[in-house]
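Chemist: So for the sequence shown, the numbering used here puts the first residue at 104; every next one is plus one.
Have a look at this one.
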Amino acid sequence: MNDVRNMLVDAATRIFADHVDAKLLDAAKRDGWSPALWQVVSDAQLPLVGIAEAQGGSGGTLSDHAAVLRIAARYAAPIPLAETALAAALLADAGLAIPAGPLTVAPVRGESISAGRGDDGWRLSGKLSRVPFARAATRMVVFASSPEGALIAVVDPAHCQITPGSNLAFEARDSVVLDNVAVETSALSTMVTPTVLRLRGALARSLQIAGALEAALELSARYAGERVQFGRKIAQFQAIQHELARFAGETAAAVGASMSAAGVMERGGDAHLAVASAKIRCSRAAQEGSMIAHQVHGAIGFTDRYALHHATLRLWSWREEFGNEAVWAQELGAAVAAAGAGQLWPALTGY
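Rendered as structure tokens:
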């Protein structure tokens, strides 16, 4: 990490440590997000880190954004930080202006949004399920099919019918109906596609999983050092030490895989291979890590008033979003098989 990123990480850590507490997280579980926290984070210009200033962002690299996203996930920040960055990156790559405020993107799950031209421009119709933070967003990025080709469009969610929903972690995952909704800005693009969104979304969730694992590991190690059973702290039992060491290994693997994938995408390498590998590894770590965390904590780990569930519920939720490990493993295997045996070693090593 360079000096600039060190400063960015320190600033982000202070912001989330100072503003994310049990009261805020409990309120966000009811509302689906925290507008107050978003305002603080937005004032610090963290949502658009990794987007060039010339394109309306805060500057920095994708790896800078990845570091911020991990910290936000470590504190279970209930805001559309990843979604805003995803939407902004897609719009910047498509040559479109980035709107102000929290943004979201509509993941493509086989649903079809149709675009037709009216007297005032493009209009969209269709249904979308489980759109992250749709109720909180000032603008939503939608991919649609039109007679002229694939369309990336920006719409105002206020003009859509939104039915609130949530994932396991109580983060907003809303149903959206578009009924002849006017498009504010758009571009026909063969480069910025739903496939690009899915790849970047999987990277974002991998980074968030890594951050949540770091939080769960820290809580578990601290609890093991405090909990006394049979006259000894449970951290002194060899079985607990072994499980915590395994947990640390899973967390390190998730952090390494996700940050490495961010670096590959930043450098313009084979992002599909790197992101697929990261999502598989991070999802596996989410399963193993959450299991160990709850085993170490025992019954208290499942209680609503204890902090662990903020991390593990997100691990289970993010593991399934933008493709779970089974889906990405099939894609990774198919890609490697299609390339042939002679390309396996170069794909793994870069040589």
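The beta carbon of each residue, even a glycine, is placed where N, CA and C say it ideally should be.
V295 by DSSP, collapsed to three states: which one?
Modeler: Looking at V295 - three-state DSSP - the assignment turns out to be coil, as it is neither helix nor strand.
Chemist: What does D277 pair with, by DSSP beta-bridge criteria?
Modeler: Looking at the DSSP output, D277 sits in a beta bridge with V234.
Chemist: Are S228 and G219 touching if we call contact CB-CB under 9 Å?
Modeler: Yes, these two residues count as a Cβ contact at 9 Å.
Chemist: Note down, in chain order, each residue of its chain lying with its Cβ closer than 7 Å to the Cβ of A379, except the 5 sequence neighbours on either side.
Modeler: W431, E434, L435
Chemist: At what residues does the alpha helix (DSSP H) containing Q264 begin and finish?
Modeler: Not the alpha helix (DSSP H): Q264 falls in the beta strand (DSSP E), residues 264-266.
Chemist: In terms of DSSP beta bridges, what is T288 paired with?
Modeler: V257
Chemist: Taking 9 Å as the cut-off, decide whether the C-beta atoms of D192 and G153 are in contact.
Modeler: Per the sequence shown, residue 192 should be read as Ala rather than Asp. Contact: yes.
Chemist: Please say whether A381 and S363 have beta carbons closer to each other than 9 Å?
Modeler: yes
Chemist: How about A179 and T207: do their beta carbons lie closer than 9 Å?
Modeler: no
Chemist: Could you spell out the range, first to last residue, of the beta strand (DSSP E) harbouring A192?
Modeler: No beta strand (DSSP E) holds A192; the alpha helix (DSSP H) holding it covers 184-196.
Chemist: With contact counted as at least three CB pairs below 8 Å, one residue from each stretch, are the region 280-296 and the region 155-175 in contact?
Modeler: no
Chemist: Cβ atoms of P183 and A261: under 9 Å apart, would you say?
Modeler: no
Chemist: Beta-carbon separation of A357 and A388 under 9 Å?
Modeler: Against a cut-off of 9 Å, the Cβ pair of A388 and A357 comes out as a contact.
Chemist: Can you give me the C-alpha to C-alpha distance between P267 and L300, rounded to a whole angstrom?
Modeler: 23 Å
Chemist: Quick check on DSSP: helix, strand or coil for R173?
Modeler: helix
Chemist: With a Cβ-Cβ cutoff of 9 Å, do H413 and F405 count as a contact?
Modeler: For H413 and F405, no; Cβs fall outside 9 Å.
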